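Undergrad:
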Amino acid sequence: MKTSSPPPRRASSDPRITAGVIALAAISLLIGGAFAGLLFEGAHDFSGAWAAFDPYLLRVVRFTLWQAALSTLLSVGPALFVARALSRHPRFLGRAFILQLFAVPLALPAIVAALGILALYGRAGYFAGVFTGIGGGSWPGIYGLPGILVAHVFFNLPLATRLFLEALQTIPADQWRLSSQLGMGARPAFRLIEWPTLRAALPGVAGLVFMLCITSFTIVLTLGGGPAATTLEVGIYQALRFDFDPARAVTLTLLQIALTFVVVLALTRLGANVVGDTNLPVAPRRYLSVNGTETLLNVVLIVLALLFVVGPMAATVMAGLGADLGRLAGEVAVRQATLTSAVLAFLSALLSVTLSLALTMARRALALNHRSGAKAMLEHAADTGAGFVLVVPPIVVGAGWFLLLRHVGDVFAIAPVMVVAVNAVMAMPFALRAVRPAYDAASERHERLCAQLGIAGWNRLMLVDWPSLRRPLATAFAFAMALSLGDLGVIALFGSDSVQTLPYLLLARMGSYRTQDAAGLALLLGLVCLALIVAAHWLGREKNRDA
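The working numbering runs 4 ahead of the 1-based position in the sequence shown.
Following this line, the structure appears as structure tokens:
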């Protein structure tokens, strides 16, 4: 007797869609609350917000764009040649290790890198004597625009190199084989084969680096050195925590949102990788011979780039080991800040993974139902909802809620909630990249069977999806926890003597000129974040291997 399969589950009754709606509502509440605070404050003091458009504001906007443009040029330009050098030599001893080192800056908190740069190039840094001898006078240090540029290049040169290298590795092997058969030299091969690929990737990579630089808060705060080197995000922080000028903070915040929106829109048009993640495949075989002169130049390029990236990391380790780590470990403030950071980072990562999984499941359920109208809009929202947070940097969300909550009660009492919520949402684009492919693949295998057996909700998640999602969720959790541990944007606004994280305490020790303590805290924070990122990458590799 022929039996018919059960009818498909209605989209409206699918618990995955309900979970996705709740996740979207939570994100909307966080972002919408920030906008409500900004709009309420702007309407309350419209004349003050309008009066904030003064020469100082124009100077801040000009410096924000100028430092981002210079940082992009200094990062992307050399990255083109370093990526080409690595691509021309796909197999040599230490190549994989160099690429791994180039991924380390992505794992380091910005304040840790800033400490390393100061330890290397600062007034009392390891190279201070060299710069003093070259300049013929005392070395003033690297604060201001030079320090900002060095820090941005430290972070973005390796990122741009990996992105360009990823683009070069998409060139079909047939093209290299044909160029070898035709006896094509290095210059024609670059002009006809490599440059078209690099030129296509250039706008997206440059746009991504530019966006990272205009939303850079911690680097400018620690290395800016004064009003002459202030960006919009640092101006927001100063307007709220030092000047307490809410009207100016509203104006700066709205300008920052508008600027970020334009850049993210351009990145979307260019198809850029807006989360800065790169997965480099195994290098294909090259059929193009490289002569001795070009090999020497490529070696020099790779070594210089490697020294530039390794220098601040080595300086951070050396300066940290020079601190009294035993005394630091015994301080009540350090232990309390470490515990606070760990708890907040754990909760933030847990919330980020939960929201990401809910959006992933809802998007998949809606896509399978092929609905139009409201369901199609909901599917689009579930697909792009997390990406919207890229338009609103953490300091902007924090500023909006700071302005909103100050009319209700003590804004500093809500610090833990704000740190957890904002950091969780800001880590979602990274978490989604780890969770979504695994869930879609598991759904492709099990969706029909689950519908026939009536398995849904919690039972499906634990019995069917969990084996496939265990490692991707662990990867997303480790990455989100590392990002939350090293974040300074939200806690800089809401932090106080009663609520301190390690980055906040590190900044306070720097501000009180306790550089040895700051170096020791930077070493501790950097090692923990690096360990989490290594764990995330290891779990990701194991996931791919199992697949």
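Beta carbons: idealized from backbone N, C-alpha and C, even for Gly. All figures in this text were calculated on a predicted structure; none of them were measured in a lab.
How big is the Cα-Cα spacing for residue 441 and residue 345?
TA: The alpha-carbon atoms of residue 441 and residue 345 are separated by roughly 30 Å.
Undergrad: Would you kindly work out how many angstroms separate the C-alpha atoms of residue 153 and residue 224, rounded to a whole number?
TA: Using only the alpha carbons, I get a separation of about 10 Å.
Undergrad: Where in the region 468 to 536 do unbroken runs of the alpha helix (DSSP H), each at least 4 residues long, occur, reported from the N-terminal end onward?
TA: Fully enclosed alpha helix (DSSP H) runs of 4 or longer: 470 to 490, 493 to 498 and 506 to 515.
Undergrad: Could you give the distance in angstroms between the alpha-carbon of residue 284 and the alpha-carbon of residue 169?
TA: Confidence at residue 284 is low in this model, with a pLDDT of 48, below 50, so the placement of that residue should be treated as unreliable; the coordinate-derived value is given next. Whole-angstrom Cα-Cα distance: 8 Å.
Undergrad: Just how far apart, CA to CA, sit residue 171 and residue 363?
TA: About 29 Å.
Undergrad: Can you give the Cα-Cα distance for residue 289 and residue 92, rounded to whole angstroms?
TA: Because residue 289 sits at a pLDDT of 47, beneath the cut-off of 50, its placement in the model cannot be relied upon, and the following sentence gives the value as read from the coordinates. Roughly 10 Å between the two C-alpha positions.
Undergrad: Write down the C-beta distance between residue 366 and residue 21 rounded to the nearest angstrom, noting that I regard them as a contact closer than 8 Å.
TA: With 8 Å as the limit, residue 366 and residue 21 qualify as a contact, their Cβ atoms being about 5 Å apart.
Undergrad: Can you tell me whether DSSP reads residue 143 as helix, strand or coil?
TA: DSSP places residue 143 in coil when its eight states are reduced to three.
Undergrad: For the region 108 to 118 against the region 205 to 224, do three or more pairs of beta-carbon atoms, one drawn from each stretch, fall closer than 8 Å, so that the two count as touching?
TA: They touch, by the three-pair rule.
Undergrad: Taking only runs of the beta strand (DSSP E) that begin and end inside the region 213 to 250, which ones reach a length of at least 3 residues, in chain order?
TA: Entirely contained in the region 213 to 250, not one beta strand (DSSP E) run reaches 3 residues.
Undergrad: I need the straight-line Cα distance from residue 237 to residue 526, nearest angstrom please.
TA: If I take the Cα positions, the gap works out to 23 Å.
Undergrad: Pull up the distance between the alpha-carbon of residue 68 and that of residue 218, whole angstroms please.
TA: Spanning the two alpha carbons is a distance of roughly 6 Å.
Undergrad: Could you name each continuous alpha helix (DSSP H) segment of 4 residues or more that falls completely within the region 18 to 73, going from the start of the chain to the end?
TA: Listed in chain order, they are 19 to 48 and 50 to 55.
Undergrad: How would you label residue 436, buried or exposed, when you count the other beta carbons within 10 angstroms and need 16 or more for buried?
TA: It is buried - the Cβ of residue 436 has at least 16 other Cβ atoms within 10 Å.
Undergrad: Taking only the alpha-carbon atoms, compute the straight-line gap between residue 466 and residue 540 and give it to the nearest angstrom.
TA: One C-alpha to the other measures close to 22 Å.
Undergrad: DSSP on residue 173, reduced to helix/strand/coil?
TA: Residue state, collapsed to three classes: coil.
Undergrad: Do residue 318 and residue 86 come within 8 Å of each other at the CB atom, strictly closer than that value?
TA: In this structure, residue 318 does not lie closer than 8 Å to residue 86 by Cβ.
Undergrad: If you count every other CB in all the chains shown that lies within 10 Å of the CB of residue 273, and 16 or more means buried, which is it?
TA: Looking at its Cβ environment, which holds fewer than 16 other Cβ atoms inside 10 Å, residue 273 is exposed.
Undergrad: Considering only C-alpha positions, which residue in the set 353, 347 and 261 is nearest to residue 399?
TA: Of the candidates 353, 347 and 261, the one whose C-alpha sits nearest the C-alpha of residue 399 is 261.
Undergrad: Could you check whether residue 113 and residue 530 sit closer than 8 Å to each other, using their CB atoms as the reference points?
TA: Yes, the Cβ-Cβ distance between residue 530 and residue 113 is below 8 Å.
Undergrad: Out of curiosity, what's the CA-to-CA distance linking residue 126 and residue 469?
TA: Answer to the nearest angstrom: the Cα atoms are 52 Å apart.
Undergrad: Can you tell me whether residue 353 sits near the ligand ATP, meaning its C-beta is under 7 Å from at least one heavy atom of the ligand?
TA: The ligand ATP is absent from the structure shown, which contains no ligands of any kind.
Undergrad: If you count every other CB in all the chains shown that lies within 10 Å of the CB of residue 448, and 16 or more means buried, which is it?
TA: When all chains shown are included, residue 448 counts as exposed.
Undergrad: If you reduce the DSSP assignment to three classes, tell me which class residue 178 lands in.
TA: Three-state DSSP puts residue 178 in a helix.
Undergrad: Using only the alpha-carbon positions, how far apart do residue 41 and residue 492 sit?
TA: Residue 41 and residue 492: Cα-Cα distance of roughly 21 Å.
Undergrad: Name the two residues that bound the continuous alpha helix (DSSP H) containing residue 450.
TA: Where residue 450 is concerned, the enclosing alpha helix (DSSP H) stretches over 432 to 457.
Undergrad: Would you mind sorting residue 504 into buried or exposed? The rule is 16 or more other CB atoms within 10 Å of its CB.
TA: Buried.
Undergrad: Short of 8 Å in beta carbon distance, which residues of its chain neighbour residue 485, apart from the five on each side in sequence? Order them along the chain.
TA: Cβ neighbours of residue 485 beyond the five flanking positions: 349, 350, 352, 353 and 536.
Undergrad: Helix, strand or coil, according to DSSP, for residue 125 in the structure here?
TA: Helix, per DSSP.
Undergrad: Taking C-beta to C-beta, are residue 79 and residue 205 nearer than 8 Å?
TA: Not a contact, by the Cβ cut-off of 8 Å.
Undergrad: Is the region 247 to 261 in contact with the region 397 to 412, if contact means three or more CB pairs nearer than 8 Å?
TA: Output reads yes: the region 397 to 412 touches the region 247 to 261.
Undergrad: Can you list, in chain order, the residues of its chain with a C-beta nearer than 6 Å to that of residue 135? Leave out the 5 residues immediately preceding and following it.
TA: So the list reads 143, once near-sequence residues are dropped.
Undergrad: Please say whether residue 324 and residue 523 have beta carbons closer to each other than 8 Å?
TA: Going by C-beta atoms, residue 523 is nearer than 8 Å to residue 324.
Undergrad: Taking only the alpha-carbon atoms, compute the straight-line gap between residue 287 and residue 105 and give it to the nearest angstrom.
TA: Confidence is the limiting factor: at residue 287 the pLDDT is only 43, short of 50, which leaves the residue's position unreliable, though a coordinate-based value still follows. Going from the Cα of residue 287 to the Cα of residue 105 covers about 17 Å.
Undergrad: Is residue 241 near residue 506, with beta carbons less than 8 Å apart?
TA: For residue 241 and residue 506, no; Cβs fall outside 8 Å.
Undergrad: Can you tell me the Cα-Cα spacing of residue 373 and residue 421, whole angstroms?
TA: Approximately 36 Å, taken between the alpha carbons.
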